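Sequence order for the protein chains is A and B. Residue numbers are given in the working numbering: position 136 of the first sequence equals residue 136, and the series is strictly consecutive. Residue numbers are given in the working numbering: position 55 of the second sequence equals residue 55, and the series is strictly consecutive. Built from N, CA and C at the ideal position, the CB exists for glycine as well. Remember, predicted model here, so these are calculated numbers, not experimental data.
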Amino acid sequence: MSVMKRLSGIVQAKANKALDKAENPADMLDLSYEKQQENLQKVRRALADVATARKRLELQATQLQAQAQKLQDQAKQALAQGNEDLAREALGRRAALADQLTSLGTQHEQVEAQQQQLENTATRLQAQVDAFRTKKETLKASYTASKAQASIGEAVSGISESMADAGMTLDRAQDKIAQMQARAGAIDELLDTGALPDALGGGGDDIQKQLDAASQSGQVDAELAALKAEVGAGSPSAALPSSGAPVEGAAEAPEAGGTK
Amino acid sequence: MIVRILGEGSYDVPEADLPAVEQLDATLVDALDRGDDATFSGALADLVALVRHTGKPLPPDDVQTSELAVPHPGSTLAEVRDLLAEGA
Numbered sequence: 001m002s003v004m005k006r007l008s009g010i011v012q013a014k015a016n017k018a019l020d021k022a023e024n025p026a027d028m029l030d031l032s033y034e035k036q037q038e039n040l041q042k043v044r045r046a047l048a049d050v051a052t053a054r055k056r057l058e059l060q061a062t063q064l065q066a067q068a069q070k071l072q073d074q075a076k077q078a079l080a081q082g083n084e085d086l087a088r089e090a091l092g093r094r095a096a097l098a099d100q101l102t103s104l105g106t107q108h109e110q111v112e113a114q115q116q117q118l119e120n121t122a123t124r125l126q127a128q129v130d131a132f133r134t135k136k137e138t139l140k141a142s143y144t145a146s147k148a149q150a151s152i153g154e155a156v157s158g159i160s161e162s163m164a165d166a167g168m169t170l171d172r173a174q175d176k177i178a179q180m181q182a183r184a185g186a187i188d189e190l191l192d193t194g195a196l197p198d199a200l201g202g203g204g205d206d207i208q209k210q211l212d213a214a215s216q217s218g219q220v221d222a223e224l225a226a227l228k229a230e231v232g233a234g235s236p237s238a239a240l241p242s243s244g245a246p247v248e249g250a251a252e253a254p255e256a257g258g259t260k
Numbered sequence: 001m002i003v004r005i006l007g008e009g010s011y012d013v014p015e016a017d018l019p020a021v022e023q024l025d026a027t028l029v030d031a032l033d034r035g036d037d038a039t040f041s042g043a044l045a046d047l048v049a050l051v052r053h054t055g056k057p058l059p060p061d062d063v064q065t066s067e068l069a070v071p072h073p074g075s076t077l078a079e080v081r082d083l084l085a086e087g088a
């Protein structure tokens, strides 16, 4: 059966449900006016939520990009240290980050679409609320006439249909926002622990630790070599505390220990 | 005929254009039955474009009720299936 007819039936059912509380046409007009205003408020709040979700995604994209750049630099550093395995690890993680960035991009497009749809809905509802405010007073003033009763019924069902639509659009937007928030929360957690992407193992910035360790031990090696050169040259500048006859070889151990 | 695009508003679509609308509607039904996401998305995009193009948007103070409803533009098959399940 037709998708459009079924969907229309659902919209009408929701519209009827929204208004079956009112007892007389004049109450109905006031009630639907109130509901329209409530709806408009809800749409505005959802718009603020969408804007927040959008900012969060943009911030995360920036953070992921920074992290990708860092991994690229680390890969270079590792290669310079001659550690190809570590460079490969860094590049592998960078590739996984690129996947995350792509999926963030898709999410961002979806947020934008939601924002557009909600803005549309807000504009339309505002115009409707304005038009309805005047109309309902006119209808109420003449509602004793049976003809006016029919127009009230018509006005009310038209308005409630559009409110049902706004309600469905809101539900949809809120679902999307919840999905995005859940995802953004997961990414935040990963970014916080520095474990992103954790599929590749290792918490914290273990690549940086390895690089630091390598460069530290390189530095110690260099200092040691420098000292050895000094001592090995046996020059008098590798002086001992004081006078007396030179004692060869004795200086090496305490000096090396002292630099640490 | 008054056709509502959910999240967008209602349009007055001329009778002459209804066969094309119905044809796309039939494609939607078929895609839903077969779980064919790509066909569904394509037909929905075509349907939205057709209604926007051939229909005349109703002004905000026009309170006519609609007889047909188009899912929110960009909806997925799964979303529409869930929506239709509400009325089942």
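Contact annotation: in the stretch 39-72 of chain A, no residue has its CB less than 7 Å from a CB in chain B.
Residue range 9-12 is occupied by the beta strand (DSSP E) that includes D12(B). Bridge partners of K56(B) according to DSSP: D12(B). Residue environment for E109(A): exposed (fewer than 16 other C-beta atoms within 10 angstroms of its C-beta). Take the alpha-carbon of G232(A) and the one of A87(A): they are about 37 Å apart. Taking a C-beta distance under 8 Å as the contact criterion, Q117(A) and T62(A) do not qualify as a contact pair. Per DSSP, reduced to three states, the secondary structure at A233(A) is coil, with no helix or strand assignment. N120(A) belongs to the set of residues whose beta carbon lies under 8 Å from a beta carbon in chain B. Assigned with DSSP and collapsed to three states, L68(B) falls in strand. Looking at the DSSP output, R45(A) bridges to nothing. Under the three-state reduction of DSSP output, V51(B) falls in the helix class. Non-local beta-carbon contacts of I159(A) in its own chain, meaning distances under 8 Å to residues more than five positions away in sequence, involve S32, Q36, Q128, F132 in chain order. An exposed status is given to Q69(A), since fewer than 16 other beta-carbon atoms sit within 10 Å of its beta-carbon. Here the stretch 34-53 of chain A lies against the stretch 175-194 of chain A, with 3 or more beta-carbon pairs under 8 Å apart.
Between A214(A) and N120(A), the C-beta gap is not smaller than 8 Å, which leaves the two residues out of contact.
The three-state secondary structure of V3(B), taken from DSSP, is strand.
With respect to the C-alpha of D61(B), the residue from D99(A), Q114(A), A155(A) having the closest C-alpha is A155(A).
Taking all protein chains in view, the Cβ of A15(A) is crowded by 16 or more other Cβ atoms within 10 Å, so the residue is classified as buried. In the displayed model, G105(A) falls within a helix according to three-state DSSP. When D30(B), V13(B), D82(B) are compared, the shortest CA-CA separation from T54(B) is found for V13(B).
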